[in-house]
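Engineer: Line by line, the protein sequences give chains H and U.
Per numbering that gives the first Met the number 0: the first sequence = residues 0 to 320.
Per numbering that gives the first Met the number 0: the second sequence = residues 0 to 320.
From the three backbone atoms N, C-alpha and C, an ideal C-beta is built for every residue, glycine too.
Number of protein chains: 2
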Amino acid sequence: MSARRNIEVPDLVAAARAGLEDSRSVRAVARLISLVEEASPRLREVMRALAPYVGHAQVIGITGAPGVGKSTTTNALVRELRAAGRRVAVLAVDPSSPFSGGALLGDRIRMTDHASDPGVFIRSMASRGHLGGLSWSTPQAIRVLDGAGFDVVLVETVGVGQSEVEIAGLADTTLVLLAPGMGDGIQAAKAGILEIGDLYVVNKADRDGAAKVRRDLRSALALAARSEHAWRPPVLMVTAQRHQGLEDLAAEIEEHRAWLEESGALAARRARRAREEVEAIAVAALRSRWELQGRDRLDELASAVATGTMDPYAAADELLG
Amino acid sequence: MSARRNIEVPDLVAAARAGLEDSRSVRAVARLISLVEEASPRLREVMRALAPYVGHAQVIGITGAPGVGKSTTTNALVRELRAAGRRVAVLAVDPSSPFSGGALLGDRIRMTDHASDPGVFIRSMASRGHLGGLSWSTPQAIRVLDGAGFDVVLVETVGVGQSEVEIAGLADTTLVLLAPGMGDGIQAAKAGILEIGDLYVVNKADRDGAAKVRRDLRSALALAARSEHAWRPPVLMVTAQRHQGLEDLAAEIEEHRAWLEESGALAARRARRAREEVEAIAVAALRSRWELQGRDRLDELASAVATGTMDPYAAADELLG
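#1: DSSP three-state call for residue 252(H): helix, strand or coil?
#2: Could you check which residue in 274(H), 295(H), 47(H) and 280(H) has the C-alpha nearest to that of residue 270(U)?
#3: According to DSSP, what are the bridge partners of residue 141(U)?
#4: Label residue 232(H) either buried or exposed according to how many other C-beta atoms from any shown protein chain fall within 10 Å of its C-beta, with 16 as the threshold for buried.
#5: For residue 338(H), which of helix, strand or coil comes out of DSSP?
#6: Just to confirm the assignment, what range does the alpha helix (DSSP H) spanning residue 46(H) have?
#7: Does chain H have any CB closer than 8 Å to the CB of residue 68(U)?
#8: Mapping the DSSP letters down to three states, classify residue 328(U) as helix, strand or coil.
#9: Beta-carbon within less than 7 Å of residue 27(H)'s beta-carbon, same chain only, minus the 5 sequence neighbours each way: which residues are those?
#10: For the stretch 209 to 218 of chain U against the stretch 38 to 54 of chain U, are there 3 or more C-beta pairs whose distance is under 8 Å?
#11: Does the stretch 266 to 282 of chain H come close enough to the stretch 246 to 261 of chain U that 3 or more CB-CB pairs lie under 8 Å?
#12: Does residue 33(U) come within less than 8 Å of chain H when only Cβ atoms are used?
#13: Ends of the alpha helix (DSSP H) at residue 32(U)?
#14: Determine the chain H residues that contact residue 305(U) at a beta-carbon separation under 8 Å, and present them in chain order.
#15: Quick one: using the 10 Å Cβ neighbour count with 16 as the cut-off for buried, is residue 59(H) buried or exposed?
#16: Since residue 124(H) meets chain U, which of its residues come closer than 8 Å, beta carbon to beta carbon?
#17: Mind listing which residues of the stretch 23 to 49 of chain H have their C-beta closer than 8 Å to chain U's C-betas, in chain order?
#18: Does the separation of the CB atoms of residue 176(U) and residue 306(U) fall below 8 Å?
#19: Name the two residues that bound the continuous alpha helix (DSSP H) containing residue 77(H).
#20: Determine, using beta carbons only, whether residue 90(U) comes closer than 8 Å to chain H.
#21: Within 8 Å (strictly less), CB to CB, does residue 135(H) reach chain U?
#22: List the residues that DSSP assigns as beta-bridge partners of residue 59(H).
#23: Within 8 Å, do at least three Cβ pairs link the stretch 297 to 315 of chain H to the stretch 47 to 57 of chain U?
#24: For chain H, check one thing: does any of its Cβ atoms lie closer than 8 Å to the Cβ of residue 302(U)?
#25: If residue 77(U) sits next to residue 92(U), beta carbons under 8 Å apart, how far is it from one beta carbon to the other, in whole angstroms?
#26: Using a Cβ cut-off of 8 Å (strictly closer), state whether residue 277(U) contacts chain H.
#27: List, in chain order, every chain H residue whose beta-carbon is nearer than 8 Å to that of residue 312(U).
#28: Using a Cβ-Cβ distance under 8 Å, would residue 284(H) count as near chain U?
#29: Return the first residue and the last residue of the beta strand (DSSP E) that residue 199(U) is part of.
#30: Per the DSSP calculation, residue 234(U) is bridged to which residue(s)?
#31: Residue 298(H) touches chain U at which residues, Cβ-Cβ below 8 Å?
#32: Going by beta carbon distance, what residues of the same chain come within less than 8 Å of residue 235(U), once the five residues before and after it are set aside?
#33: Looking only at its own chain, which residues have a Cβ that is under 7 Å from the Cβ of residue 67(U), when we skip the five neighbours before and after it?
#34: Just the chain H side, please: which residues come within less than 9 Å of residue 315(U) by C-beta, in chain order?
#35: Could you give the first and the last residue of the continuous alpha helix (DSSP H) run that contains residue 8(U)?
#36: Express the C-alpha separation of residue 18(H) and residue 64(H) in angstroms, rounding to a whole number.
Dropping the structure here:
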């Protein structure tokens, strides 16, 4: 453990960039992601070293309610992308596991199909560290994988609540998965997914009700107010378990990528992602400043607010002032 | 609408505090919560006016996976608390609905049992405004209800992911609900609920498997590492739909409250809640400063990061410096 820690950041970054065929490279990439999870002070140096190499990876978000087959679809998509010769990293983010560190998901999503493929890197990551949220750690992990030279970074999130909205803010292309037999219409409306998908995938397309899911989804999409009107999100039928429909899916992803580039939307999305990342880092820096240097003052203010002698806005002013 | 807006904050606060028997009071409380949802600039004045009156309400968080019967249990608990003569506010927070503003949940959770009871105030609230998260809006809404003179504030959250952890940070007492037939053991471990409950409620206790849920939960709790060892969370059997077990539940809530006061944990929890609230307000203030005054600068920095000419830490330094 201590031997690993002693590796200098420039060496670690060079090793990560050497290509996965080198097993040292896999370990270096894994080590860099761990630095993100730990919110290590060395990240600053890591990101400085990686900066010249970022901006090349295609970032694809995959989200959907539990049970729609996200892991299976991710797995099948990895196979498809590998067949096209692309180096793929998978980041499985589990926001439902703030305490366990995502270990349960980690066990589930082993994706043994790709275990021996040096062109695939798979990592399950706890999303909710003490610095809070997908918004802090995931973009940093994406940055590491991008800088390490992966062509595609697939980010799989358990789609419940806020996480799928956040992933849409991070990804170049967001795939929203649905499946028959899961409440269908309501499931779509409830999660706010109509606003965030670039591509919709009805998985388990061989099951009863899949055509209805597609029909309902198309109707709902036709009615939904979407901010980017230029791209009309397609609805694809996939049976991931039998590897059916993956070729079409990969083709549509390419189509979307081309549209992103031509329309200028790619640059806009990436700038937005970077803006959120910079903000999140700045906020985290401030929080730790308050917590480390101003602990007593913050505690004093909090007590005053808790007992009603001060209101929280006045206290926030004091904290900032 | 504009007529409502013209009411001065001191009048609104006075009306809110007049007691719910007065229908103007109900409207005033609702209006104040709306100011929270809108992140109104007038909140500063509201919180200043309310500060002398806060700190009396008992804040109870209710969380659990979808389907365990949170709304039914909340409903039954309200009935029990009303029978004891307490004024009750219910805040239903729906983190799964960032876009719809919680409207779907609002429809579902009408709780018509209490519609004509002037001692009950029920509000469904969207948790994910542009300022982000339960951590910003929910404590402010609790503050409003506390200042308005409610004896108990029940905060019901859809327990998926981060929200139940956040609610545990906000509430004096956190109830975690489970029910038979929902995956049982895994469901407990996965959501990290073993760490956050002050009271565990097995709802639908009349169904097969309820005793097993209790047994499994007790075993898991015995093994779990908990930070506050002094309180051993009880596991209660409830059938909310038939109003069975509610008396015991209310008694255990009182027991926990007494423990909180005697042990000093109440003051500590409330100071922690206030600290997070102050931090969240300060962070929101900074973000809006950056977004309003420094838009161009932030965009410049974001572009530099997106294109790799700058790393995000250096950009964050510039933003803060």
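Structural biologist: Checking against the coordinates, here is how it stands:
#1: The answer is helix: DSSP assigns residue 252(H) an H, G or I state.
#2: 295(H)
#3: Beta-bridge pairing links residue 141(U) to no other residue.
#4: By the 10 Å Cβ count, residue 232(H) comes out buried.
#5: Nothing in the structure corresponds to residue 338(H), since chain H is present only between 0 and 320.
#6: Its alpha helix (DSSP H) spans residues 42 to 49.
#7: no
#8: Given a span of 0 to 320 for chain U in the structure shown, any question on residue 328(U) remains unanswerable.
#9: 11, 14 and 15
#10: The stretch 209 to 218 of chain U vs the stretch 38 to 54 of chain U: no contact.
#11: Here the stretch 246 to 261 of chain U makes no contact with the stretch 266 to 282 of chain H; the two share fewer than three CB pairs at distances below 8 Å.
#12: no
#13: For residue 32(U), the uninterrupted alpha helix (DSSP H) run begins and ends at 22 to 36, by DSSP.
#14: 54, 266, 269, 270, 272 and 273
#15: Around the CB of residue 59(H), 16 or more other CB atoms lie within 10 Å, so the residue is classed as buried.
#16: Per Cβ cutoff of 8 Å: no residues; residue 124(H) is ~15 Å from chain U at best.
#17: 42, 43, 46, 47 and 49
#18: no
#19: 69 to 82
#20: Contacts with chain H at 8 Å (Cβ-Cβ) do not include residue 90(U).
#21: no
#22: Residue 59(H) pairs with 153(H) and 172(H).
#23: yes
#24: So yes, residue 302(U) belongs to the interface.
#25: About 16 Å separates the two Cβ atoms, so there is no contact after all.
#26: yes
#27: 42, 43, 46, 47 and 280
#28: yes
#29: 198 to 201
#30: 199(U)
#31: Against residue 298(H), the close residues of chain U are 270 and 274, in the order they occur along the chain (beta-carbon pairs closer than 8 Å).
#32: Cβ within range, chain order: 198, 199, 200, 201, 244, 247, 248 and 251.
#33: Short of 7 Å from the beta carbon of residue 67(U), and not among the five residues preceding or following it, lie these beta carbons of its own chain, in chain order: 176, 177, 178, 181 and 202.
#34: 276, 277, 278, 279, 280, 281, 282, 283 and 284
#35: 8 to 15
#36: If you take the alpha carbons of residue 64(H) and residue 18(H), they lie about 34 Å apart.
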